[in-house]
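Single-structure report; data block below.
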Amino acid sequence: QKEVEQNSGPLSVPEGAIASLNCTYSDRGSQSFFWYRQYSGKSPELIMSIYSNGDKEDGRFTAQLNKASQYVSLLIRDSQPSDSATYLCAVIVISQAGTALIFGKGTTLSVSS
Amino acid sequence: GAGVSQSPRYKVAKRGQDVALRCDPISGHVSLFWYQQALGQGPEFLTYFQNEAQLDKSGLPSDRFFAERPEGSVSTLKIQRTQQEDSAVYLCASSLETSGSTDTQYFGPGTRLTVL
């Protein structure tokens, strides 16, 4: 069972709309959650981290975490064509082998002008 | 340097060849990570170093994969007897602190390996 699940998309939204990206994870002990943005052919770039239940806002981005439901989401307000990319959800998983950052497959977002 | 650098950026190998991929982390960063990203997938963890110590190699897919960071700075990921399923982008990331994966990781541009 994949530890971090995302809908691969593509998610298509018009310019100016709100894009909602969702992620679920299986490890109830996880405490650290990240959203990375990856443009085609480029490396992942961290855009948000969240550690506590609730919302965390940074500019046009809001991360939401619900540990009881094992759910983390990313909202992008006033979406721009430059937001078109793959968004990767990543979760810290601690096991006997060690601590690892586990990524989902990513959701592809397309913002049309 | 300004960021994580990796070389080569592209590598084409014939099946059975050995390859070595290099990562230069951000200066002063203690932790270094290697990931494998197949097309259409998210990065998958391979291994983690804290300084020169390899603390976690649970993600290495087979004993053909070997990583080292002998002086606690530059790291090399070596793949012996490459197979077609090894074709992927290999990403290196570094982070400043010793808190394992919890600290922000900064990714390099990756090495795209194609095995023919």
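Residue numbers (the numbering used here), protein chains in the order written: chain A, 79 to 191; chain B, 80 to 195. By construction, the Cβ of each residue, glycine as well, lies at the ideal position given by its N, Cα and C atoms. All values reported here derive from a predicted model rather than from experimental measurement.
Cutoff 8 Å: residue i Cβ touching any chain A Cβ
{"i": "B:Y169", "result": "no"}
{"i": "B:P188", "result": "yes"}
{"i": "B:Q133", "result": "no"}
{"i": "B:S141", "result": "no"}
{"i": "B:T193", "result": "no"}
{"i": "B:Q184", "result": "yes"}
{"i": "B:Y127", "result": "yes"}
{"i": "B:Q120", "result": "yes"}
{"i": "B:G95", "result": "no"}
{"i": "B:S137", "result": "yes"}
{"i": "B:F124", "result": "yes"}
Range covered by the beta strand (DSSP E) that runs through residue i
{"i": "B:G189", "result": "Segment: none, B:G189 is in no beta strand (DSSP E) and carries neither H nor E."}
{"i": "A:P92", "result": "L89 to P92"}
{"i": "A:L166", "result": "A163 to S173"}
{"i": "B:L156", "result": "S154 to I158"}
{"i": "B:S86", "result": "S84 to S86"}
{"i": "A:R115", "result": "F111 to Q116"}
{"i": "A:S160", "result": "Unbroken run through A:S160: none, as it is neither H nor E."}
{"i": "A:A178", "result": "G176 to F181"}
{"i": "B:S174", "result": "A167 to S174"}
Residues bridged to residue i (per DSSP)
{"i": "A:Y149", "result": "A:T102 and A:N144"}
{"i": "A:Y129", "result": "Beta-bridge pairing links A:Y129 to no other residue."}
{"i": "A:G82", "result": "For the sequence presented, residue 82 of chain A should be read as Val rather than Gly. Its beta-bridge partners are A:Y103."}
{"i": "A:I154", "result": "A:A97 and A:F139"}
{"i": "B:T161", "result": "Paired residues: none, contrary to the question."}
{"i": "B:K90", "result": "B:L192"}
{"i": "B:D150", "result": "Reading the sequence as shown, one finds Glu at residue 150 of chain B and not Asp. None; B:E150 has no bridge partner."}
{"i": "A:S188", "result": "A:S90"}
{"i": "A:K134", "result": "A:A141"}
Whole-number beta carbon distance between residue j and residue i, since they are thought to touch under 8 Å
{"i": "B:T190", "j": "B:L125", "result": "At roughly 13 Å, the Cβ-Cβ gap does not stay under 8 Å, so B:T190 and B:L125 are not in contact."}
{"i": "A:G107", "j": "A:I180", "result": "Not really, about 12 Å apart at Cβ, beyond 8 Å."}
{"i": "B:V98", "j": "B:T193", "result": "About 10 Å; that fails the 8 Å criterion."}
{"i": "A:L70", "j": "A:T185", "result": "The question about residue 70 of chain A has no answer here: the residues shown for chain A are numbered 79 through 191."}
{"i": "B:I105", "j": "B:Y185", "result": "6 Å"}
{"i": "A:K183", "j": "B:Q120", "result": "5 Å"}
{"i": "B:V153", "j": "B:Q129", "result": "That belief does not hold up - the Cβ atoms of B:V153 and B:Q129 are roughly 15 Å apart, past 8 Å."}
{"i": "B:L195", "j": "B:R88", "result": "The pair is not a contact, with the Cβ atoms about 18 Å apart (cut-off 8 Å)."}
{"i": "B:Q133", "j": "B:A167", "result": "That pair is no contact at about 20 Å."}
{"i": "A:S151", "j": "A:Q142", "result": "5 Å"}
Closer than 8 Å to chain B by CB, residue i
{"i": "A:F181", "result": "yes"}
{"i": "A:L166", "result": "yes"}
{"i": "A:G184", "result": "yes"}
{"i": "A:P122", "result": "yes"}
{"i": "A:G176", "result": "yes"}
{"i": "A:S190", "result": "no"}
{"i": "A:S162", "result": "no"}
{"i": "A:S127", "result": "yes"}
Segments of 4+ residues assigned as alpha helix (DSSP H) that fall wholly inside the segment 93–144 of chain B: Counting only unbroken stretches of 4 or more residues, no alpha helix (DSSP H) element lies wholly within the segment 93–144 of chain B.
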